[in-house]
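A.B. asks:
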Amino acid sequence: MPDFGTESTGQEVVDAYPENVRDRIIVITGATGHSIGSAATLAFASAAPRQLILVNRNLEKSKRLISLIHEKAPSVSAIFIKCDLSSLESVKQAALEISRSVPHVDILINNAATVPGPYSQTEDGIESQFAVDYVAHFLLTNLLMPKLLAAGPGTRVVNVASSAVRHRTHAKFDDYNFSDGDTYTAFDGYIQAKLALVLFSIALAKRMETHNMQAYSLHPGSISSEMRASVSLDDWQASEKRRTEAGTKTEGTRKKTVEEGCATMLVAALDPRIAHQSGAYLKDGAVATEFIPVVDGNSEENSETLWKITERLLRSDFTWP
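All residue numbers for the sequence shown refer to our numbering, where the first residue is 1 and numbers rise by one.
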């Protein structure tokens, strides 16, 4: 089996494990434009999945991606499910539509994210980054759980996080709205949302263990993409300052292409060698060894605390067989 690293591409990962893609039903959020989600989807298409389900709010960009899929693999079924992740009602409707469309879901990739920016709340009264990046994916995953369970052993959920979680050593999830913006910065909002995804993966892994299903989080790398280009200069400079002060900025690091950026996502989705490491955090094509994000020294305890906070926020109790 090949070893994957910083310069590995998503296509290389799929080429290594085509049997783990063939005839699978794959759901991915945020696969639009020049992005790691689109690159991952195109790599998946090369190995004959049964169906690719694109969950996002942009029909025109999805049509363009579906055209590219069919150019590469004319026989692959690819459909668009409209979903505005800033709306819990839209997430519920999308989950319902997906559930009506397929007998099961083999792989769910929670990839979508909103651009860090000035403080705002969604229509549901939740800080926007926390709502879109984390809460919407928590809800979508739990609503699709019957379909994930129906796929049986080997089913995987992949949450795209970030190495920015290294900057947060304590949890503030009981104040996910940052005191209605009084204590908010765009970078803090980004860190909090991505850290929530890491902890969500740990809690998911615990619940999925008895079903021989896996969950992972990951850092895709620093990537040249449409999303990176849309971050304001002020927010980017503030982020760079924080990284420099924390000693986590690496000078001269080459930015990954989107094809390289999706590789770790696909390792998390496909690599059989990490099946015994469910709940792990991946970076550069492998389970991270130099650091594992820890909050207050106990990630598992905090993952359960966050799960309960999110259930209260959603006024729901998610329990599975």
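Think of the CB as a built atom: it goes at the ideal place given N, C-alpha and C, for glycine as much as any other residue. Keep in mind that this is a model prediction, so the values were computed, not measured.
Please specify which runs of the beta strand (DSSP E), each continuous and at least 3 residues long, are wholly inside the segment 19-44, giving them in chain order.
C.D. replies: 25-29
A.B. asks: Taking all protein chains shown into account, do 16 or more other C-beta atoms lie within 10 angstroms of the C-beta of tryptophan 307, making it buried, or fewer, making it exposed?
C.D. replies: buried
A.B. asks: Given 8 angstroms as the limit, is there contact between the segment 115-124 and the segment 172-184, that is, 3 or more CB pairs closer than that?
C.D. replies: yes
A.B. asks: Which first and last residues belong to the alpha helix (DSSP H) in which arginine 312 is found?
C.D. replies: 299-314
A.B. asks: Would alanine 164 and phenylalanine 187 be called neighbours here (beta carbons separated by less than 9 angstroms)?
C.D. replies: Yes. Within cutoff.
A.B. asks: Ignore the nearest five residues each way along the sequence and tell me which others in valine 13's own chain have a CB closer than 8 angstroms to its CB.
C.D. replies: The residues are Phe4, Ala43, Ala263, Leu266, Val267, Leu270, Asp271, Gly285.
A.B. asks: Using a Cβ distance threshold of 8 angstroms, determine whether the segment 65-78 contacts the segment 96-105, with at least three qualifying pairs required.
C.D. replies: The segment 65-78, when compared against the segment 96-105, does not touch it at the 8 angstroms Cβ threshold.
A.B. asks: For the segment 99-139, list the beta strand (DSSP E) runs that are entirely contained and at least 3 residues long, ordered along the chain.
C.D. replies: 107-110
A.B. asks: State the beta-bridge partners of alanine 16 as determined by DSSP.
C.D. replies: None, per the DSSP bridge assignment.
A.B. asks: Out of Lys82, Ser46, Cys83, Ala94, which one is the CA nearest neighbour of glutamate 71?
C.D. replies: Ser46
A.B. asks: Quick check: the Cα distance between threonine 9 and glycine 261, rounded to an integer number of angstroms?
C.D. replies: For threonine 9 and glycine 261, the distance between alpha carbons rounds to 7 angstroms.
A.B. asks: Can you give the beta carbon distance from phenylalanine 138 to phenylalanine 200, rounded, assuming they're within the 8 angstroms contact cut?
C.D. replies: 6 angstroms
A.B. asks: What span of residues does the alpha helix (DSSP H) with isoleucine 53 cover, start to end?
C.D. replies: No alpha helix (DSSP H) contains isoleucine 53, which is instead part of the beta strand (DSSP E) from 51-56.
A.B. asks: Whose C-alpha, out of Lys61, Thr41, Lys172, is nearest the C-alpha of isoleucine 53?
C.D. replies: Thr41
A.B. asks: Where do the N-terminal and C-terminal ends of the beta strand (DSSP E) with lysine 147 fall, by residue?
C.D. replies: Careful: lysine 147 lies outside any beta strand (DSSP E), inside the alpha helix (DSSP H) at 145-151.
A.B. asks: Start and end of the beta strand (DSSP E) containing histidine 219?
C.D. replies: 214-219
A.B. asks: Can you check which of these residues, Ile126, Ile81, Trp320, is closest to isoleucine 26 by C-alpha distance?
C.D. replies: Ile81
A.B. asks: Pop quiz: valine 132 and threonine 114 are said to be a contact at Cβ under 8 angstroms. What is the actual Cβ separation, rounded to whole angstroms?
C.D. replies: The distance from the Cβ of valine 132 to that of threonine 114 is about 4 angstroms, consistent with a contact at the 8 angstroms cut-off.
A.B. asks: Can you tell me where the beta strand (DSSP E) holding lysine 283 begins and where it ends?
C.D. replies: Counting along the chain, lysine 283 sits inside the beta strand (DSSP E) bounded by residues 281-283.
A.B. asks: Within the continuous beta strand (DSSP E) that includes serine 162, where are the two ends?
C.D. replies: Serine 162 -> no beta strand (DSSP E), and no H or E assigned at all.
A.B. asks: So what does DSSP say about serine 80, is it helix, strand or coil?
C.D. replies: Contrary to the premise, residue 80 reads as phenylalanine rather than serine in this sequence. Note: phenylalanine 80 maps to strand in three-state DSSP.
A.B. asks: Apart from the five residues just before and just after serine 303, which ones in its own chain have a Cβ nearer than 6 angstroms to its Cβ?
C.D. replies: The residues Leu199, Ile202, Ala203, in chain order, have a CB closer than 6 angstroms to that of serine 303 in the same chain once the five nearest residues on each side in sequence are set aside.
A.B. asks: Under the DSSP definition of a beta bridge, which residues are partnered with alanine 286?
C.D. replies: Lys283
A.B. asks: Quick one: is arginine 100 buried, meaning 16 or more other Cβ sit within 10 Å of its Cβ, or exposed?
C.D. replies: exposed
A.B. asks: With distance defined between alpha-carbon atoms, name the residue in Gly33, Tyr176, Ser222, Thr155 nearest to leucine 195.
C.D. replies: Tyr176
A.B. asks: Isoleucine 223 bridges to which residues according to DSSP?
C.D. replies: The partner list for isoleucine 223 (beta bridge, DSSP) reads Lys256.
A.B. asks: Return the chain-ordered list of same chain residues with a C-beta closer than 6 angstroms to the C-beta of leucine 148, the five sequence neighbours on each side being excluded.
C.D. replies: Val105, Thr155
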